[in-house]
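Below is one structure, written out as structure tokens; the observations come after it.
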Amino acid sequence: TVIINFSSCFLQGILERLDAGEIVIGDGGFVFALEKRGYVKAGPWTPEATVEHPEAGQFYWRMPLILSTNPHPEVQISVCGEFMNILSGLEPRIVTRWDVQKYARKAYDLGIRYIGGCCGFEPYHIRAIAEELAPERGFLPEASEKHGSWGNNLSMHTKPWVRARARKEYWENLKPASGRPYCPSMSKPDGWGVTKGARELMQQKEATTEQQLKELFQKQKF
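Numbering (the working numbering), first residue to last: 11 to 232.
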């Protein structure tokens, strides 16, 4: 049996935490995540999984703790009205972690201090909110140990055009091939035609230097 202590999250309600000046991150996507994995019936979205599959419920209740450290989990019910095309279709559109970071920053700049997501939000979206607001909250979530912010781990990649993506400007301006308005319907590889044996693919022992990255950035087109 896994016992999770939520006392630190629920000793105070949302309003009390906001009055204390805290930034509260709410995760309402966990029941929807259970439905994707076959634990919950689409339509009602009732949390029967906590009874029928308690191990799954325990896992998804623990997930927000790793992603944002002091979350406020929200239970979902069938209140989504006319948005069934989104919910039953699961993912007809894409929202990237970078989109969510923009959303979190703009919400914060508007004065909002209770920020989160509902149906369709994935765990990495909640992590993106926590990472964007880490300077204001004073800490990063535990899950950030497994994530290089703004793709910085790509600086060690073999392909130079992939190394050029290791920066905030690239991901902030990325338009994913998704069918969304103003986005391409299909993606095009940056290094098309460069194959095994090409000089550009020669690996070096050291990490990519700042000067090498600057040269790559000059060639990179958004």
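Yeah, the Cβ is synthetic: ideal placement off N, Cα and C, and Gly gets one too.
Legend entry - Best match in 111, 225, 63, 37 for proximity to residue 174 [C-alpha to C-alpha]: Per the Cα distances, 225.
Legend entry - Start-to-end residues for the alpha helix (DSSP H) that takes in residue 113: For residue 113, the enclosing alpha helix (DSSP H) stretches over residues 107-119.
Legend entry - Buried or exposed (CB count within 10 angstroms, at least 16 for buried), residue 221: Here residue 221 is exposed: its Cβ has fewer than 16 other Cβ atoms, across all protein chains shown, within 10 Å.
Legend entry - Within 8 Å, strictly: CB atoms of residue 129 and residue 48: No, the Cβ-Cβ distance between residue 129 and residue 48 is not below 8 Å.
Legend entry - For residue 179, the nearest candidate out of 198, 112, 26 (CA to CA): Minimum Cα distance to residue 179 is reached at 112.
Legend entry - Straight-line Cα distance separating residue 142 from residue 94: Note that residue 94 scores a pLDDT of 48, beneath 50, so its modelled location is shaky; the value from the coordinates is reported in the next line. Residue 94 and residue 142: Cα-Cα distance of roughly 30 Å.
Legend entry - Separation of residue 209 from residue 147, as counted between CA atoms: Rounded to whole angstroms, residue 147 to residue 209 spans 45 Å at the Cα level.
Inset, instruction - State the beta-bridge partners of residue 127 as determined by DSSP. - result: The partner list for residue 127 (beta bridge, DSSP) reads 37.
Legend entry - C-beta atoms of residue 104 and residue 117 nearer than 8 Å: No, these two residues do not count as a Cβ contact at 8 Å.
Inset, instruction - To the nearest angstrom, report how far apart residue 28 and residue 185 are at their CA atoms. - result: Their backbone Cα atoms lie some 34 Å apart in a straight line.
Legend entry - Nearest-angstrom Cα separation, counted from residue 223 out to residue 182: Rounded to whole angstroms, the separation of the alpha carbons of residue 223 and residue 182 is 18 Å.
Legend entry - Reduced DSSP secondary structure (H/G/I, E/B, other) of residue 61: Helix at residue 61.
Inset, instruction - Taking the CB atoms as reference points, tell me whether residue 138 and residue 107 lie closer together than 8 Å. - result: A contact, by the Cβ cut-off of 8 Å.
Legend entry - The alpha helix (DSSP H) enclosing residue 186, as first and last residue numbers: Annotation for residue 186: no alpha helix (DSSP H) segment contains it, and DSSP assigns it neither H nor E.
Legend entry - Through-space distance from residue 157 to residue 219, alpha-carbon basis: Computed Cα separation, rounded: 21 Å.
Inset, instruction - Measure from the alpha carbon of residue 46 to the alpha carbon of each residue in 195, 132, 207, 34, then state which is nearest. - result: When only C-alpha atoms are compared, the closest one is 132.
Legend entry - Inter-residue spacing [alpha-carbon to alpha-carbon] between residue 237 and residue 119: Beyond the ends of the chain as shown, which are 11 and 232, falls residue 237; an answer cannot be given.
Legend entry - Counted within 10 angstroms of its Cβ, other Cβ atoms place residue 61 as buried (16 or more) or exposed: Exposed, since its Cβ has fewer than 16 Cβ neighbours within 10 Å.
Legend entry - Selected residue, minimal CA-CA separation from residue 37, among 170, 169, 188, 127: Nearest option by C-alpha distance: 127.
Inset, instruction - Just tell me which of 172, 160, 167, 63 has its CA closest to the CA of residue 216. - result: Residue 167 is the option with its Cα nearest to residue 216.
Legend entry - Helix, strand or coil at residue 166 [DSSP, three-state]: The answer is helix: DSSP assigns residue 166 an H, G or I state.
Legend entry - Length of the line joining the Cα atoms of residue 41 and residue 213: Roughly 44 Å separates the two Cα atoms.
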